[in-house]
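Single-structure report; data block below.
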Amino acid sequence: MTVVIDRATGKRRGEREPRPGPGRRLKNGFHKHWYAYAMIAPVAIVLGVLVLYPLAYGLYLTLTDATSLNTARTIGVNHIDATYKFIGLDNYADILWGPTAYDRFWSHVLWTVFWTAACVTLHYGIGLGLALLLNQKLRGRTLYRMILVLPWAVPTFVTVFGWRFMLADGGIVNSGLDFLHLPTPSWLEDTSWQRFAAIMVNTWCGVPFMMVSLLGGLQSIDASLYEASEMDGANAWQRFRHVTLPGLRSVSTTVVLLGVIWTFNQFAIIFLLFGNTAPDAQILVTWAYQLGFGQQPRDYAQSAAYGILLLSILIVFTSFYRRWLNRNEQQLAI
Amino acid sequence: MSTTTVETSTADTERRPADAPRKARRRGENSRATSLVSHAVLIGASLTALFPIAWLVFLSLGPDEDDYLHPGRIWGKMALDNYAFVLQDTNFFHWLKSTLIVGLGTTLIGVVVAASTGYAVSRMRFPGYRKLMWVLLVTQMFPIAVLIVPMYQILSDLQLIDSYLGLILVNCTTIVPYCAWLMKGYFDTIPFEIDEAGRVDGLTPFGTFARLILPLAKPGLAVAAFYSFLTAFGEVAFASTFLLSDDKYTFSVGLQTFVSEHDAQRNLMAATAVLIAIPAALFFYLVQKNLVTGLTAGGTKG
Numbered sequence: 001m002t003v004v005i006d007r008a009t010g011k012r013r014g015e016r017e018p019r020p021g022p023g024r025r026l027k028n029g030f031h032k033h034w035y036a037y038a039m040i041a042p043v044a045i046v047l048g049v050l051v052l053y054p055l056a057y058g059l060y061l062t063l064t065d066a067t068s069l070n071t072a073r074t075i076g077v078n079h080i081d082a083t084y085k086f087i088g089l090d091n092y093a094d095i096l097w098g099p100t101a102y103d104r105f106w107s108h109v110l111w112t113v114f115w116t117a118a119c120v121t122l123h124y125g126i127g128l129g130l131a132l133l134l135n136q137k138l139r140g141r142t143l144y145r146m147i148l149v150l151p152w153a154v155p156t157f158v159t160v161f162g163w164r165f166m167l168a169d170g171g172i173v174n175s176g177l178d179f180l181h182l183p184t185p186s187w188l189e190d191t192s193w194q195r196f197a198a199i200m201v202n203t204w205c206g207v208p209f210m211m212v213s214l215l216g217g218l219q220s221i222d223a224s225l226y227e228a229s230e231m232d233g234a235n236a237w238q239r240f241r242h243v244t245l246p247g248l249r250s251v252s253t254t255v256v257l258l259g260v261i262w263t264f265n266q267f268a269i270i271f272l273l274f275g276n277t278a279p280d281a282q283i284l285v286t287w288a289y290q291l292g293f294g295q296q297p298r299d300y301a302q303s304a305a306y307g308i309l310l311l312s313i314l315i316v317f318t319s320f321y322r323r324w325l326n327r328n329e330q331q332l333a334i
Numbered sequence: 335m336s337t338t339t340v341e342t343s344t345a346d347t348e349r350r351p352a353d354a355p356r357k358a359r360r361r362g363e364n365s366r367a368t369s370l371v372s373h374a375v376l377i378g379a380s381l382t383a384l385f386p387i388a389w390l391v392f393l394s395l396g397p398d399e400d401d402y403l404h405p406g407r408i409w410g411k412m413a414l415d416n417y418a419f420v421l422q423d424t425n426f427f428h429w430l431k432s433t434l435i436v437g438l439g440t441t442l443i444g445v446v447v448a449a450s451t452g453y454a455v456s457r458m459r460f461p462g463y464r465k466l467m468w469v470l471l472v473t474q475m476f477p478i479a480v481l482i483v484p485m486y487q488i489l490s491d492l493q494l495i496d497s498y499l500g501l502i503l504v505n506c507t508t509i510v511p512y513c514a515w516l517m518k519g520y521f522d523t524i525p526f527e528i529d530e531a532g533r534v535d536g537l538t539p540f541g542t543f544a545r546l547i548l549p550l551a552k553p554g555l556a557v558a559a560f561y562s563f564l565t566a567f568g569e570v571a572f573a574s575t576f577l578l579s580d581d582k583y584t585f586s587v588g589l590q591t592f593v594s595e596h597d598a599q600r601n602l603m604a605a606t607a608v609l610i611a612i613p614a615a616l617f618f619y620l621v622q623k624n625l626v627t628g629l630t631a632g633g634t635k636g
């Protein structure tokens, strides 16, 4: 569909010439491509040192029983050596089917999946709606656009505190609800309301990105397609179905994937909204953080194991998503 | 083009108000009813977007820490005292300094390191290309939980906990692959003919990149730089974990210190939040349009 992608797929298997021997191939390949390798070297080195090495180290930690009590540390002038030991896959076994596996892991998995699905649906739905509205000829649409982007423009850590003031027990939201004689839930204390509040705040923060991306997509759809479909007698809904949605497809697949990944990994909102107070409203990322840094003793091994599990979930999801796109003969725009 | 009956019937009801006026409308113009509804929805959405921020600004003017519970009381005694206090008697400027050091450091490393890779993946097809793209994508979706524990161990071995350098390096794990991706999108928009012309004139690929493409890609580099800075600016998890002394906090950690369990100085916090938010938002507006193009570059080109 896009030029970029066609280049990205490169040659197809069938087009190859008969392969020379491995040593020769390596030499040829290097000779032909050394420019490329030299240019990607800086990133490869940075990623190797800053990502792959810690990842390997983290994997090793998950196979031990490291906590803050038995890792190497320095207290005053005394240096205490690490005393943790290798325990194999026990951490994973404990997380996945240990005695409290449901309470600690599976319930958080369910909530995280629900949270991701709900947030991305809301982001996309509201974002698309607003983008469609902003794509019309309308007085003051630049101003609307400026205001509607505001939640994205202000750093998340700032707005979340604003929301905390609003959602606090006697805050403006509950005062308003009280004024209307509606029930006033304790947003920041009650589990289901905490979850509701988290989704609400995240939706508020995430809609602008979707809106702006989709608006860009809408503006790139060729106007003559609309004219042609109108000539053919298509009504508004049909034009939306058969011109707008297909025209948005490559943007949509990209922003939905990004949205899923970002929401799944959303740390700041839940961490700042509840701190350590809401064990049941924590998604997997914040829960892993809490195990590793929010409690005493810090459970480094389990926290790292959660991290690895999280990453596996995301990689599996992305692979399936890509495969699904390929089957439908679409390509990811990124 | 087949639609079910259900679809056509909803479409009819939607269309009816649009057909109401007799006067023939030109394409792209709305009937009065449609545009009224559009305006109503947009105004509603704008108020929703604006309110939490406006509320924060309003609370920052009230002198007492419990004012958020009695907003009515603020009207009579609005003052800028909180701002004066924050600027004079807190670590605000220390935090500003830390934020700038970390933000600019991350930006510099991110953009410098990632530029040539962005070019390479935009222009060259080499064995391992798809693997590299896949690594760049996967690295971006690393949950912080994956790296934070090993990073903590490694940094404490290297005595880099509570140092700016440590935090900059950690931030680079997400920024570098992201910048490479962003710049690939931008380089893709620069015509290949320019490279070819350069090569014909005898430049090496490095020469083409440095002399022809980089100058053309300045806007793209700027976007990547802005984005890296804003990301480092708003980063919470790493900063909360790796910074320990409160004069080294970045804003995202410093702001949390106003709300401890015993003492919640909400009025000061609101004022600080506003002081942080205004420059960040202005900064953001400078780049937001390019930002999205960069993010979904391949997609919007259709």
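Here the protein sequences line up with chains V and B, keeping their order.
Numbering follows our numbering, in which position 42 of the first sequence is assigned residue number 42; successive positions increment by one, without gaps.
Numbering follows our numbering, in which position 116 of the second sequence is assigned residue number 450; successive positions increment by one, without gaps.
Positions of the beta carbon are idealized from the N, C-alpha and C atoms, including for glycine.
Please read these numbers as outputs of a predicted model, since none were measured by experiment.
Using DSSP with H/G/I as helix, E/B as strand and the rest coil, what is residue i?
i, result
"residue 28/V", "helix"
"residue 524/B", "coil"
"residue 242/V", "helix"
"residue 181/V", "coil"
"residue 73/V", "strand"
"residue 356/B", "For residue 356/B, the pLDDT reaches just 47, beneath the cut-off of 50, and the residue's location in the model is therefore unreliable, although a value from the coordinates is still provided. It is coil, neither helix nor strand."
"residue 78/V", "strand"
"residue 263/V", "helix"
"residue 86/V", "strand"
"residue 473/B", "helix"
"residue 62/V", "helix"
"residue 398/B", "coil"
"residue 294/V", "coil"
"residue 419/B", "helix"
"residue 282/V", "coil"
"residue 424/B", "coil"
"residue 404/B", "coil"
Rounding to the nearest angstrom, what Cα-Cα distance links residue i and residue j in this structure?
i, j, result
"residue 565/B", "residue 509/B", "8 Å"
"residue 570/B", "residue 24/V", "50 Å"
"residue 617/B", "residue 427/B", "19 Å"
"residue 372/B", "residue 585/B", "38 Å"
"residue 282/V", "residue 534/B", "58 Å"
"residue 205/V", "residue 68/V", "35 Å"
"residue 461/B", "residue 314/V", "26 Å"
"residue 225/V", "residue 522/B", "26 Å"
"residue 263/V", "residue 111/V", "12 Å"
"residue 560/B", "residue 417/B", "27 Å"
"residue 455/B", "residue 196/V", "42 Å"
"residue 120/V", "residue 154/V", "20 Å"
"residue 421/B", "residue 602/B", "10 Å"
"residue 297/V", "residue 90/V", "19 Å"
"residue 267/V", "residue 503/B", "19 Å"
"residue 166/V", "residue 507/B", "35 Å"
"residue 141/V", "residue 390/B", "25 Å"
"residue 551/B", "residue 599/B", "46 Å"
"residue 505/B", "residue 446/B", "15 Å"
"residue 36/V", "residue 530/B", "16 Å"
"residue 239/V", "residue 246/V", "10 Å"
"residue 81/V", "residue 309/V", "29 Å"
Can you find the residues in the same chain that come closer than 6 Å, C-beta to C-beta, to residue i, ignoring five residues on each side of it along the sequence?
i, result
"residue 70/V", "83, 84"
"residue 512/B", "474"
"residue 500/B", "489, 494, 576"
"residue 528/B", "546"
Going along the chain, which residues of its own chain have a beta-carbon closer than 8 Å to the beta-carbon of residue i, five neighbours each way excluded?
i, result
"residue 136/V", "none"
"residue 242/V", "229, 234"
"residue 591/B", "580, 583"
Apart from the five residues on each side of it in sequence, which residues of its chain come closer than 7 Å, Cβ to Cβ, to residue i?
i, result
"residue 356/B", "Note that residue 356/B scores a pLDDT of 47, beneath 50, so its modelled location is shaky; the value from the coordinates is reported in the next line. Within the same chain, residue 356/B has no close Cβ partners at all."
request  = Give a yes or no on contact between the segment 377 to 386 of chain B and the segment 153 to 172 of chain V, applying the rule of three or more CB pairs nearer than 8 Å.
outcome  = yes
inquiry  = Going residue by residue through the segment 581 to 612 of chain B, where are the continuous alpha helix (DSSP H) segments of at least 4 residues, counting only ones entirely within it?
reply    = 585 to 588
message = Extract the residue ranges of the alpha helix (DSSP H) inside the segment 536 to 583 of chain B, only unbroken runs of 4 or more that lie entirely within it.
response = Runs of the alpha helix (DSSP H) spanning 4 or more residues and lying entirely within the segment 536 to 583 of chain B occur at 552 to 568, 571 to 576, in chain order.
task = Would you be able to state if there are at least three C-beta pairs under 8 Å between the segment 469 to 478 of chain B and the segment 535 to 552 of chain B?
result = no
ask   = Could you give the uninterrupted runs of the alpha helix (DSSP H) lying entirely in the segment 183 to 224 of chain V, keeping only those of 4 residues or more?
value = 191 to 219
query = Are there three or more Cβ pairs, one per stretch, closer than 8 Å when the segment 102 to 116 of chain V is compared with the segment 546 to 556 of chain B?
reply = no
inquiry  = Report the start-end ranges of each alpha helix (DSSP H) in the segment 117 to 149 of chain V that is 4 residues or longer and not cut off at the edges.
reply    = The alpha helix (DSSP H) runs lying completely inside the segment 117 to 149 of chain V and spanning 4 residues or more number zero.
key: Three-pair Cβ contact test at 8 Å for the segment 283 to 294 of chain V versus the segment 96 to 111 of chain V   = yes
request  = Please confirm if the segment 242 to 262 of chain V is in contact with the segment 167 to 176 of chain V, defined as three or more CB-CB distances below 8 Å between the two stretches.
outcome  = no
message = Under 8 Å: do the segment 290 to 307 of chain V and the segment 47 to 63 of chain V share three or more Cβ pairs, one atom per stretch?
response = yes
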